[in-house]
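Residue numbers for the sequence shown follow numbering that gives the first Met the number 0, so the first one is 0 and each next one is one higher. Here is the structure we will look at.
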Amino acid sequence: MLVLRPGRERSLALRHPWVFSGAVDRVIGDPGTGDTVAIVDADGAWRATAAYSPASQIRARVWSFAAGATIDEAFIRGAVDRAAAARAPLLDARHTAARLVHGESDALPGVIADRYGDTVVLQCLSAGAERWRAALVAALAAAPGVRCVYERSDADVRALEGLPPRTGPLAGELPPEVLIAEDGIAYRVDPVAGQKTGFFLDQRENRRLVRDLARGRRTLNVFCYTGGFTLAALAGGAAAVTSIDSSADALALARENLARNPALPAAAAAWVEADAFADLRRLRNEGATFDLVVLDPPKFAPTAAHAARAARAYKDVNLLALKLLAPGGLLLTFSCSGGIGADLFRRIVAGAALDAGADAQVLRTLGATADHPVALAFPEGEYLKGLVIRKV
Ligand code: SAH
Numbered sequence: 000m001l002v003l004r005p006g007r008e009r010s011l012a013l014r015h016p017w018v019f020s021g022a023v024d025r026v027i028g029d030p031g032t033g034d035t036v037a038i039v040d041a042d043g044a045w046r047a048t049a050a051y052s053p054a055s056q057i058r059a060r061v062w063s064f065a066a067g068a069t070i071d072e073a074f075i076r077g078a079v080d081r082a083a084a085a086r087a088p089l090l091d092a093r094h095t096a097a098r099l100v101h102g103e104s105d106a107l108p109g110v111i112a113d114r115y116g117d118t119v120v121l122q123c124l125s126a127g128a129e130r131w132r133a134a135l136v137a138a139l140a141a142a143p144g145v146r147c148v149y150e151r152s153d154a155d156v157r158a159l160e161g162l163p164p165r166t167g168p169l170a171g172e173l174p175p176e177v178l179i180a181e182d183g184i185a186y187r188v189d190p191v192a193g194q195k196t197g198f199f200l201d202q203r204e205n206r207r208l209v210r211d212l213a214r215g216r217r218t219l220n221v222f223c224y225t226g227g228f229t230l231a232a233l234a235g236g237a238a239a240v241t242s243i244d245s246s247a248d249a250l251a252l253a254r255e256n257l258a259r260n261p262a263l264p265a266a267a268a269a270w271v272e273a274d275a276f277a278d279l280r281r282l283r284n285e286g287a288t289f290d291l292v293v294l295d296p297p298k299f300a301p302t303a304a305h306a307a308r309a310a311r312a313y314k315d316v317n318l319l320a321l322k323l324l325a326p327g328g329l330l331l332t333f334s335c336s337g338g339i340g341a342d343l344f345r346r347i348v349a350g351a352a353l354d355a356g357a358d359a360q361v362l363r364t365l366g367a368t369a370d371h372p373v374a375l376a377f378p379e380g381e382y383l384k385g386l387v388i389r390k391v
């Protein structure tokens, strides 16, 4: 049992699922890593049932706010089934991939499960998720049409929980090629060596947006990874697409993905293996201009502690992008940093526009979507914040 300090039950009362170490007055009993603990407030009133994580600053993550909840296989199975059922409408003949489990936002803290065709890639990123791995795998493997569950629990955040990285098959056998369709476009996903689970499913609606905006536009896709926005822009009739990434492997798969879609004009695509910051400067020095720029960088600020350095990186890259934009051009700019909130991100981009000498309008703010819901009481986490900017 965890007893909270006086007044520290407030965020739990608002259904925020984390208990930080500083909020804990004392631990009664001797719970181990991942064990289920009751959380009570300073008056002894029961607050939640949570997973204990002694190594982490996030000392406990709530499984349930319901009085008397029991955490067992059936509980995990119920939560996975509910999450998977909510995403079922996202899957059809044109879309064979979707995130099934969104961690805290699906009441499964630290659990991410991405479905790619008949394969599910699982990330157990917290002590509680680690503890219930077998139940998670059983529940995911039982979802209709799933043949394989593969683990990619090798994200850095595992270290904060005192957990070693773990990868490999958990149920069934990984097919030799994991192929998906998104919006009718074919991609190969690499769950073994790709980033995170292999594909950035949280960008699905934004790839659709790029497809809708791209017609006739000279497009620049910075941090292109395996070509998601590039192929979307080409499908939308972009005049040409230049794509930059520093990873040769990502670019090789991006080219392969383009080749998998013979209806798309491969000749309109240029691929650049380079550091984005240096290459944007090169393009600027060459006087290049674009009508549509997509900026989807890696997480510069995993936590608030990295916010200042990350803010400079976001500002730099947005400044360079805005300089490359022709008047009337559009910038889709994203941050997936947990340490940079939506308001701060907007201020950083506004500062970049000012320094670029550009007048700019926000046409849309991008955030939680049906593909990537965020619990109302849980604004933290690596959810995507985005802006569509028009250079005046
Ligand atoms: N937009 C992509 C996801 C981007 S992930 C999509 O929709 O699929 C971030 C990418 O940035 C990775 O592919 C990584 O290789 C690349 N990257 C990281 N640092 C970089 C740098 N300094 N310059 C160029 N690319 C970089």
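For every residue, glycine included, the Cβ atom is placed at its ideal position computed from N, Cα and C. Just so we're clear, the structure is a prediction, and the values are computed from it rather than from any experiment.
- Residues with their Cβ less than 5 Å from any non-hydrogen atom of the ligand SAH, running along the chain, are Phe199, Gln202, Phe222, Tyr224, Gly227, Asp244, Ser245, Ser246, Ala249, Asp274, Ala275, Asp295 and Pro297.
- With a threshold of 16 other beta carbon atoms within 10 Å, Asp91 falls short and is exposed.
- With respect to the C-alpha of Ile339, the residue from Tyr313, Thr48 and Gly350 having the closest C-alpha is Tyr313.
- The residue among Phe19, Pro168, Met0 and Ala269 with its C-alpha nearest the C-alpha of Thr196 is Pro168.
- With distances taken between CA atoms, Gly67 lies nearest to Trp45 out of Trp45, Pro297, Asp295 and Val79.
- Judged by beta-carbon spacing, Gly236 lies beyond the 7 Å limit of Arg203, meaning their Cβ atoms are not closer than that value.
- Note that the stretch 125–133 does not touch the stretch 81–96; fewer than 3 beta-carbon pairs, one per stretch, sit closer than 8 Å.
- Residues Pro30, Asp34, Val36 and Ala59 of the same chain have their beta carbon placed closer than 6 Å to that of Tyr51, with the five preceding and five following residues left out of the count.
- Ala352 sits away from Leu319, with the two beta carbons spaced by 7 Å or more.
- The closest CA to that of Val26, considering only Leu13, His15, Ala41 and Pro190, is found on Ala41.
- Judged by beta-carbon spacing, Val240 lies beyond the 7 Å limit of Thr225, meaning their Cβ atoms are not closer than that value.
- DSSP places Ala84 in no beta strand (DSSP E) but in the uninterrupted alpha helix (DSSP H) bounded by Glu72 to Arg86.
- A residue is called buried once 16 or more other Cβ atoms fall within 10 Å of its Cβ, and Asp358, having fewer, is exposed.
- Residue burial is scored here from C-beta neighbours: Val391 has fewer than 16 other C-beta atoms within 10 angstroms and is therefore classed as exposed.
- Residues of the same chain with a CB within less than 7 Å of the CB of Ala376, apart from the 5 flanking positions on each side, are Leu13, Arg14 and His15 in chain order.
- Taken through DSSP and simplified to helix, strand or coil, Thr48 comes out as strand.
- A distance of 7 Å or more separates the beta carbons of Asp153 and Pro163.
- Check the Cα spacing between Gly144 and each of Gly116, Arg157 and Cys123: the tightest is with Gly116.
- For Val221, the uninterrupted beta strand (DSSP E) run begins and ends at Arg217 to Val221, by DSSP.
- In the three-state reduction of the DSSP assignment, Lys384 falls in the strand class, which pools E and B.
- Where Phe289 is concerned, the enclosing beta strand (DSSP E) starts and stops at Phe289 to Leu294.
- Beta-bridge pairing by DSSP links Thr364 to Leu386.
- Residue environment analysis places Val361 among the exposed positions, since fewer than 16 neighbouring C-beta atoms fall within 10 angstroms of its C-beta.
- Of Arg7, Arg146, Gly161 and Leu331, the smallest CA-CA separation from Lys384 is found for Leu331.
- Under the DSSP assignment, Ser334 falls in the beta strand (DSSP E) whose first and last residues are Leu324 to Ser334.
- The residue from Thr166, Leu329, Ser20 and Ala307 with its alpha-carbon nearest to that of Ser336 is Ala307.
- When DSSP states are grouped into helix, strand and coil, Asp211 belongs to the helix group.
- Between Leu386 and Thr364 a beta carbon distance of about 6 Å is seen, short of the 8 Å cut, so the two are scored as contacting.
- In this structure, Pro190 lies near Val120, with their beta-carbon atoms less than 7 Å apart.
- With a minimum length of 3 residues, the unbroken runs of beta strand (DSSP E) contained wholly in the stretch 17–48 fall at 17–19, 23–26 and 35–39.
- DSSP places Glu204 within a helical segment (H, G or I) once states are collapsed to three.
- Shown here, Tyr149 sits in a strand according to DSSP, grouped into three states.
- For Glu272, the enclosing beta strand (DSSP E) begins and ends at Ala268 to Glu272.
- Here Ala341 has Lys384 as same chain residues with Cβ atoms under 6 Å from its own Cβ, once five neighbours each way along the sequence are excluded.
- When the Cα atoms are used, Arg283 and Arg216 turn out to be separated by approximately 18 Å.
- In the three-state DSSP reduction, Tyr186 falls in the strand class (E or B).
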